[in-house]
């Protein structure tokens with residue numbers, strides 16, 4: 001289980017002997033990951049407890065949680081839509097900047113198993129831009145996203161004019177003026 005913003009990961013081995021071999025080996029021979037030395041220690045837990053259905057692709061969640069690592073370029077709903085929509089029709093996107101940049105992407109109910117699974121398999125570990133903006137994807141806890149307005153950080157593709165009162169007001173006014 002990755003904890004990218006803590007710069008840590010948990011690894012669960014098939015048996016305790018394999019875990020011991022890993023820790024012993026790393027104590028004698030430095031292990032490097034992406035040019036950085038990795039340190040191995042025992043956890044206080046014997047098993048990794050995963051929240052909700054994050055490790056269960058058949059759990060039925062159509063919402064994915066995307067963590068964007070090394071975000072050297074701006075991440076907007078347009079960028080994520082361009083990346084995620086070819087895998088399956090995106091309904092909603094919400095971006096939040098807590099513990100780095102994260103986003104949730106919702107696929108339609110019809111695609112519950114297909115698109116969310118396909119997107120996770122195809123995009124997890126991929127770079128949005130070469131060498132940066134790496135996607136780490138897991139199933140999200142919420143089963144539906146609530147978008148209040150369409151802007152750079154949130155968008156409901158089922159309601160293209162959401163939060164755009166001035167646009168609707170102008171359309172209605174122009175129509176009323178045209179009819180008079």
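In full-length UniProt numbering, the protein residues as written are 1 to 180.
Even for Gly, the Cβ is constructed at its ideal location relative to N, Cα and C.
Query: Given residue 70, which residues of its chain have a CB within under 7 Å of its CB, disregarding the five upstream and five downstream residues?; Result: 132, 133 and 134
Query: Tell me which residue opens and which closes the beta strand (DSSP E) that residue 38 is part of.; Result: 36-38
Query: Could you give the DSSP three-state label for residue 138: helix, strand or coil?; Result: strand
Query: Applying the 10 Å Cβ sphere with the 16-neighbour rule, what's the burial state of residue 28?; Result: exposed
Query: For residue 79 and residue 9, what's the separation of their Cα atoms in angstroms?; Result: 28 Å
Query: Please name the residue or residues paired with residue 81 in a DSSP beta bridge.; Result: In the DSSP output, where bridge partners are listed per residue, residue 81 has none listed.
Query: Check whether the Cβ atoms of residue 68 and residue 33 sit closer than 8 Å, and answer yes or no.; Result: no
Query: Quick check: the Cα distance between residue 144 and residue 89, rounded to an integer number of angstroms?; Result: 15 Å
Query: Comparing alpha-carbon positions, which option in 38, 93 and 15 lies nearest residue 25?; Result: 38
Query: Measure the C-alpha to C-alpha separation of residue 53 and residue 160 and round it to an integer number of angstroms.; Result: In this prediction, residue 53 scores a pLDDT of 44, lower than 50, which makes its location untrustworthy; no coordinate-derived value is stated.
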